[in-house]
Structure formats: C-alpha cells, structure tokens
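Before any comments, here is the structure.
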Amino acid sequence: MPTALSAAAPTSVSARSLAPDLARGFMLLAIALAHAPVFVSDPAHGPAALNTAAQFVKSLFTDNQARAMFVFLFGYGLGQLAQRQHARGSDWISLRKLLRRRSLWLTVIGFAHAAFMPMDIIGVYGLTLLALTPLVRARDSTLWWTSALTLLPATLLISWQGMVAREAAAAGTPFMLADTMADTFGAHLVAGVGSWPIETPIATVVVVPGMLLGIWAARRRILDEPERHLPLLRRVTVIFLGVSVLGRLPAALLATGAWTTTSHPLAWTVTTAHTLTGYAGGIGMAAAVGLVAARIGRDHGRLTVALVALGQRSMTFYLFQSVVWVALFYPFTLGLSDDMGSAATFAIAVGVWIVSILLAEWMRRAGHRGPAEVLLRRLSYREGRSNSRNRAGVTS
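Heads up, the sequence shown is in full-length UniProt numbering, so the first residue is 1 and it goes up one at a time.
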C-alpha cells in the first residue's frame, strides 16, 4: 500500500546510474564555455584567429545548447526522484509535497544566487517546478503535447533576446554583461536582486520543453540503462546533433562575421533556427553521453570516476563557477574584463572545469557530498522527517 513520503538516505554512489552523472559532469564544461566569454567587454581583444575560432565554437556548440542539455537533465533528475519515491512506496500526495518543498527551496537558492550572479537558472527551475508539479505524474501524451506547445514561445523569447543583442552590435553599441557590471559589491547585489522578479518568471517558459522530455526519458530509464536503448540513443545522437549543426551553422557564421546579411527577416529566421535546433543539440549531447556510458560499462577508469563525481555535485560546481567569474572579471575584484578576449576566456573556462573535476574527486575520496546538494536535500526532506517523528510519537 502507498505510504507517506520516506525521508530515506540519499541514493548510494554504487547504486547511481553512470550516464546521468557523466552527462552532468560534461555539461558543466559546456556551461563554462557559454558563460565565460560574456564577461569581457571586447571579445575580439587579443589574437584575431583564436578569438574568431572561439566565437564560432561558442555559437555552434554552447549558446542555447548547453542550457538545453542542463534543462533536459534537470527534468531527468525529477523523473528519477519520482521513480525512486514510487519504488519506496510513497503516495502521490507525499511526493507532491516533497516536490513543492524542493521547488520553493530551489527558488530561494536561485534568488540568493541571482543577487551574486545575474545568469541564474536555479531559481527558474524552482518556479517552473512549483507551477508544473502535477505534470511530474502526467500521462506521456500530456508531457509531449505540453512540451510541443511551449516550444514555440520559448524559442521566440530566446530568439528575440538574440536579435536585440545582434542589432545593438550592428548599431555600434554591443550589449555585453561587462557593460552593466557595478563598481562595488553592494551595488552589484542590489542590481541582481532588482532584476530577478521580472526576468526569472519570464524565463520559466524556456525550461518547460526540455524539462518535460527529461521526465519522459527518466520514466523509460533511457540514460539509467543505456545498453537497453542503444538503437534509440544512436538515432537521437546522429539526427539531433546533425540537425543542430546544420540549423546553427548560419548563426555561427554571422557571429564571426564570415557571413553577413542586411535582411531583417532572414536574420530573424537564422536566429530562430539557432535557438530551436539548440534544444535538439542539448538532447543529442545527452544521448551521446548515454552511448559513451554504455560503451564504458562497469569498467570505470580514473577520469570517468572523477567526471561522475563532478556530475554528482553539479549544483555545487555550477555555483562555484559563479564565484570564479565574479572573482576574475568584476571591477571590485580582479577586474579582468577589459584584458582578454573570447579565446582567453575559453582557456579560463576549461581551466575552471578541470579544477572542478579535481575538487570533486577530492571530495569523493574524502567522503563529502556537494554542500549545495546536501543543503537542498536537508531543506526538502525536513518537513517529511518532522512528520515521521510526530506520527511515531502518536503511535508509541
């Protein structure tokens, strides 16, 4: 019979599936490559050829694609959580309460993070889950239809943001994050808090399509048991990544100046294709990691173990990246935003990712979970543990 939610111990490392954590570890590199270049005031500063190559790679492989992979894996994690609680005998009412507590605390953590770093996705996840908690147990057809119906507004929103940035650059007033950096830490916090209530709710629509597909995939354990889904993973990898490259190539050529157009409708079409196929690319990258995991099997080398350790602490090291960006680029810290271009920030992004791997592996060996993951779990399950103790007191 279904029971109230169990505040069970976290899933053991040995019981966790390889592919989802491996994908999260790789995802943090894509996020770092997408974020680091936006902190410089002049992306062309330094060696022209290297900067052009970095801008091309960023547009083709990371912009609006790293986020899509992140969102898909977030949804996959929700699906895993629901499946685990169902296996432990928890009923829907208890699971719904857990998901809502989790969404509220994600929103709170995201709000705190947004004050420190304007490019927050955690609060967006929290608000989206809070609004769409019932969809975690919705029928597959509902997940697919909702994902499809929200894909168009999500694509148009991101494309509009891209067009605003492109038109600003064409007018000689490029809008970069570096242009809006506050001179003091206090002013920086105030600016981040002020924009959060407007930007975060609007951004929730961007999360919905990939999140729901992630829930659907988790129900079928596509990444948990990739060896059972090899034909599907191969098709998704080849088709989705192929579509992504073809659909995003024109925008990448525009970003580097290798191709130009004065046609506004054509620019809109290129930008929209870049965004839309980014969703396909993010899911395709997750599928590719699933294929890698199936090939690795149970023979995990040192690099695999370290990458998995990073993926198991992805929220912690996502926040860690924000600390590094503030420490390196803001005027009240080292203020390096005027001293490097896109290529240099790529090197920094890779370096931050490597340091993250080393730190995560050290934490694994020392037996430490990610502090952000520990905090979220304790906050999410706190009420459940209190209710369990109260029931025990009544019946004793």
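Idealized CB from N, CA, C, for every residue including glycine. All of these numbers come straight from a predicted model, not from anything done at the bench.
Worksheet entry | Burial state of GLY162, where buried means 16 or more other Cβ atoms lie within 10 Å | buried
Worksheet item: When the Cα atoms are used, what is the spatial distance from VAL38 to TRP196?
Response: 19 Å
Practice prompt. Starting from the Cα of SER59, find the closest Cα among THR271, LEU233 and ARG369 and give me that residue.
Written response: THR271
Worksheet item: Going by beta carbon distance, what residues of the same chain come within less than 6 Å of ARG102, once the five residues before and after it are set aside?
Response: SER380
Discussion item. Output needed for ALA252: all residues of its chain with C-beta closer than 6 Å, excluding positions within five of it in sequence on either side, in chain order.
Written reply: PHE56, SER59 and LEU60
Worksheet item: What runs of the beta strand (DSSP E), each 3 residues or longer, lie entirely inside the segment 240-293?
Response: none
Worksheet item: Going by DSSP, which residues form a beta bridge with SER322?
Response: Note: SER322 sits in no beta bridge, so no partner.
Practice prompt. Tell me, please, whether the segment 29-45 touches the segment 344-360 by the rule of three or more beta-carbon pairs shorter than 8 Å.
Written response: yes
Item to complete: State buried or exposed for GLY75, treating a residue as buried only when at least 16 other CB atoms are found within 10 Å of its CB.
Response: buried
Worksheet item: For PHE332, which residues from the same chain have a beta carbon less than 8 Å from its beta carbon, with the 5 sequence-adjacent residues on both sides left out?
Response: ALA182, ASP183, THR184, PHE185 and HIS188
Worksheet item: If you draw a straight line from the C-alpha of ILE354 to the C-alpha of SER263, how long is it?
Response: 42 Å
Discussion item. Which residue marks the beginning of the alpha helix (DSSP H) containing ILE202, and which one marks its end?
Written reply: 185-219
Practice prompt. Please classify SER90: does DSSP put it in a helix, a strand, or coil?
Written response: strand
Worksheet item: With contact counted as at least three CB pairs below 8 Å, one residue from each stretch, are the segment 67-81 and the segment 216-230 in contact?
Response: yes
Discussion item. Please report the straight-line C-alpha distance between residue 468 and ASP339, rounded to a whole angstrom.
Written reply: Coverage of the chain is limited to positions 1 through 396, which leaves residue 468 absent and any answer about it impossible.
Worksheet entry | Own chain, CB closer than 7 Å to LEU319, minus 5 neighbours either side, in chain order | HIS113 and ALA372
Worksheet item: What number of angstroms, rounded off, separates the C-alpha of ALA294 from the C-alpha of THR180?
Response: 45 Å
Practice prompt. Tell me whether the beta-carbon of SER244 lies closer than 8 Å to the beta-carbon of GLY284.
Written response: yes
Discussion item. Tell me whether the segment 147-163 and the segment 193-211 touch, counting them as touching only if at least three CB pairs, one residue from each stretch, are closer than 8 Å.
Written reply: yes
Worksheet entry | For GLN83 and SER342, the rounded distance between their alpha carbons | 42 Å
Worksheet item: For SER386, which of helix, strand or coil comes out of DSSP?
Response: A caution first: SER386 carries a pLDDT of 47, below 50, which makes its placement in the model too unreliable to give a value.
Worksheet item: Any idea if LEU334 is buried or exposed, counting beta-carbon neighbours within 10 angstroms, 16 or more meaning buried?
Response: exposed
Fill in: Residue from GLY257, ARG137 and VAL71 whose Cα sits closest to the Cα of LEU95
ARG137
Worksheet item: Three-state secondary structure (DSSP) at ASP338?
Response: helix
Discussion item. Contact defined as beta carbons within less than 8 Å: I believe GLY290 pairs with PHE72. What is the distance between those atoms, to the nearest angstrom?
Written reply: The pair is not a contact, with the Cβ atoms about 12 Å apart (cut-off 8 Å).
Practice prompt. Please report the residue range of the alpha helix (DSSP H) in which THR304 lies.
Written response: 302-312
Item to complete: With HIS229 as the anchor, note down where its alpha helix (DSSP H) starts and where it stops.
Response: Taken as a continuous stretch (DSSP letters only), HIS229 belongs to no alpha helix (DSSP H), as it is neither H nor E.
Discussion item. Would LEU81 and GLY311 be called neighbours here (beta carbons separated by less than 8 Å)?
Written reply: no
Fill in: Own chain, CB closer than 6 Å to ASP214, minus 5 neighbours either side, in chain order
Per the sequence presented here, residue 214 reads as Gly, with Asp not at that position. Around GLY214: PHE72, GLY75 and TYR76.
Worksheet item: With 16 other CB atoms within 10 Å as the buried threshold, where does HIS274 fall?
Response: buried
Worksheet item: Quick one: what does DSSP say PHE26 is sitting in, helix, strand or coil?
Response: helix
Discussion item. Using only CA atoms, which one of ALA327, THR316 and THR128 lies nearest to ARG369?
Written reply: THR316
Worksheet entry | Cβ neighbours of LEU328 in the same chain (closer than 8 Å, five flanking residues each side left out) | PHE39, LEU334, LEU336 and ILE348
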